[in-house]
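Position one of the sequence shown corresponds to residue 1 (my numbering), numbered consecutively onward.
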Amino acid sequence: MNTHNDASSEHRHKALRFLTAGSVDDGKSTLIGRLLLDSRAILADQLDALQRRAAGGSIDLSQLTDGLEAEREQGITIDVAYRYFATPRRKFIIADAPGHEQYTRNMVTAAAGSDAAVVLIDITKLDWRAAPLRLLPQTRRHTLLARLLRLPSIVFAVNKLDAVDDAEAAFAAVRDALLDFAAEAGIAPAGIVPVSALRGDNIAIASTSWPWYAGPTLLQWLEALPAAEEPQTGALLLPVQYVAREGDGLGHQPRTVWGRIARGQVQSGDKIRIHPSGESAEVVAVRRAGVAVDGCAAGQSAGLVLDRQVDVSRGDWVTGLEPVQAGESAVMLQETQHHQPPESAATPQAEVSSAPSRTSRGTQEFGATLAWLDTEPAAIGRKYWLRHGHRWVAGRITAISSRLDIHTLTDVDAQTLAVNDIGRVRLRVQSPLPLEIYADNRVAGAMIVVDPATHRTSGALMVEALA
């Protein structure tokens with residue numbers, strides 16, 4: 001395992017986005033409440049309200065994150081709740097993800113934008129004296145999803161150790177089971193921490209009850225973890241979020257193309273190409289937060305002012321004009337029309353083209369890992385809407401080759417994928433897209449799958465092969 005001192009000072013100065021994951025009622029909301037309380041990130045009136053509700057008893061820290069009325073009534077997390085806090089060393093954005101299988105799609109949504117995952121394990125739900133110790137299915141599922149979504153760091157927090165009679169032996173048993181599981185799954189855990197979210201042991205303050213553990217607290221791990229970064233080398237790749245017309249007070253109203261850079265860098269004087277139109281232009285100014293800057297790099301939101309008027313709108317992609325090499329994973333768009341998300345319950349109007357699946361300028365057919373989140377099974381041949389960057393395109397699943405057995409971590413033959421299944425599939429989209437392998441780029445290699453009839457988010461897709 002890595003030590004908590006490995007992260008560079010540069011990483012520690014960046015805000016860390018992390019989510020809490022694990023099975024239902026593992027104590028995720030309580031853990032976040034404890035982090036907020038011990039880091040003094042809650043207001044005095046919030047604390048007073050919690051103390052009044054407690055009526056002299058222990059305050060319910062989970063109420064700091066469970067904001068929906070249904071969550072407070074049922075005592076479970078349903079939607080993703082975001083909270084913000086800071087320590088003298090770092091700022092944090094927390095996503096409290098639901099643990100129930102029914103809301104796994106919400107966990108995937110939170111993980112897609114996170115830098116790290118804290119996976120909780122409730123020791124009271126495990127027979128830690130048994131050999132071998134079996135982890136809960138949702139613990140394994142959430143950990144595998146975090147790995148598939150390429151979160152740089154996964155920290156395991158073994159919770160509720162104050163509720164067992166031999167905390168040291170219980171923690172050792174769970175730690176060994178987690179290390180065995182991680183080795184099978186190809187995961188290198190950033191850390192494994194014994195905690196009690198209710199009492200506050202090893203959350204922000206080191207426990208005085210467990211002298212057998214001398215490692216970092218959970219907060220110390222979080223302060224040192226690296227933030228996810230997209231590659232700054234290679235040709236520019238920017239999904240266009242919107243185009244604004246901004247006057248300069250002299251009658252000129254140049255258009256500014258805005259988006260968050262997915263790869264590479266951009267500065268004034270760079271040559272770029274707009275896709276799908278194929279038009280090229282030169283960048284004459286770069287803006288960030290409305291202010292002119294020398295340049296921007298991957299992970300930053302940038303506004304590009306071009307030297308001429310070109311056809312560009314939300315959903316397009318901007319790429320650098322570096323030559324494309326044979327076998328390069330990044331490919332360019334050759335669409336001839338813009339597709340908008342479905343506005344009715346009708347199926348996609350456009351049929352999926354039968355043109356060649358691969359051209360020198362784009363990819364239409366590809367292999368991917370698909371995390372299926374819908375109660376309606378994924379079916380071969382059915383059409384779906386897929387969102388790549390800010391572009392919507394019609395597509396269909398052409399083959400399902402296997403499904404991952406989360407208990408054995410082996411691939412088994414499958415023809416469909418049920419809710420919460422993870423499988424390997426092939427897809428074909430209507431028009432070529434600028435895809436990359438997800439392991440190389442989380443923006444250009446990811447899509448969401450939407451059911452055209454129900455408008456539900458049906459799946460999260462990670463590109464594995466371009467062919």
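Don't be surprised by glycine CBs; every beta carbon is placed ideally from N, CA and C. Keep in mind that this is a model prediction, so the values were computed, not measured.
Asked                                                                                                : Found
Span of the alpha helix (DSSP H), counted from its first residue to its last, around Asp38           : Lys28 to Asp38
Identity of the residue in Ser29, Asp96, Ala112 and Ile94 nearest Gly445 by Cα                       : Ala112
Any alpha helix (DSSP H) of 4 or more consecutive residues that is wholly inside the stretch 197-228 : 218-224
Assumed close pair Leu238, Trp317 - CB separation to whole angstroms, cut-off 8 Å                    : 7 Å
Distance between Gln232 and Tyr242 (C-alpha atoms, nearest Å)                                        : 22 Å
Residues near Leu417 in its chain [Cβ-Cβ closer than 7 Å; skip 5 each side]                          : Leu370, Trp372, Pro377, Ala378, Ile400, Arg403 and Gly423
Cβ-Cβ distance between Asn441 and Arg255 below 7 Å                                                   : no
Alpha-carbon spacing of Ala224 relative to Gln415, whole angstroms                                   : 43 Å
Proximity to Ala396 [Cα-Cα], best of Arg428, Cys296, Asp421 and Arg288                               : For the record, residue 396 in the displayed sequence is Arg; it is not Ala. Selected option, being the one with the closest Cα: Arg428.
Separation of Ala117 from Ile448, as counted between CA atoms                                        : 20 Å
Helix, strand or coil at Pro137 [DSSP, three-state]                                                  : helix
Endpoints, beta strand (DSSP E) assigned at Glu282                                                   : Ser280 to Arg288
The stretch 179-187 / the stretch 210-227 touching (three or more Cβ pairs under 8 Å)                : no
Spatial distance of Val266 from Val240 (CA atoms)                                                    : 14 Å
Candidates Ala206, Val284, Leu161 and Ala228, of which the one nearest Arg147 by Cα                  : Ala228
Same chain, Cβ closer than 8 Å to Asp128, neighbours up to 5 away in sequence not counted            : Looking at the sequence shown, residue 128 is not Asp but Trp. Closer than 8 Å at Cβ, skipping near neighbours: Val164, Ala169, Ala170, Ala173 and Val174.
Under the three-state DSSP convention, the category Ser458 falls into                                : strand
Residue environment, Val450, which counts as buried when at least 16 other CB atoms sit within 10 Å  : buried
Alpha carbon of Leu19 to alpha carbon of Ser114, nearest angstrom                                    : 7 Å
Nearest-angstrom Cβ-Cβ length linking Ala204 and Leu35, presumed shorter than 8 Å                    : 6 Å
Short Cβ contact (7 Å threshold) for Gly191 with Trp212                                              : no
Where the beta strand (DSSP E) containing Ala399 begins and where it ends                            : Arg391 to Asp405
Assigned secondary structure, Ala183 (DSSP; H/G/I helix, E/B strand, else coil)                      : helix
For Val425 and Met290, the rounded distance between their alpha carbons                              : A small correction: the amino acid at residue 290 is Gly; Met does not occupy that position in the sequence shown. So the two alpha carbons sit approximately 42 Å from each other.
Coil, strand or helix - Arg314 by DSSP                                                               : coil
CB of Ala285 within 7 Å of CB of Ser268, strictly                                                    : yes
Between the CA atoms of Ala467 and Ser329 - distance to the nearest angstrom                         : Any reading at Ser329 is ruled out, since the residue's pLDDT is 40, under 50, leaving its predicted position unreliable.
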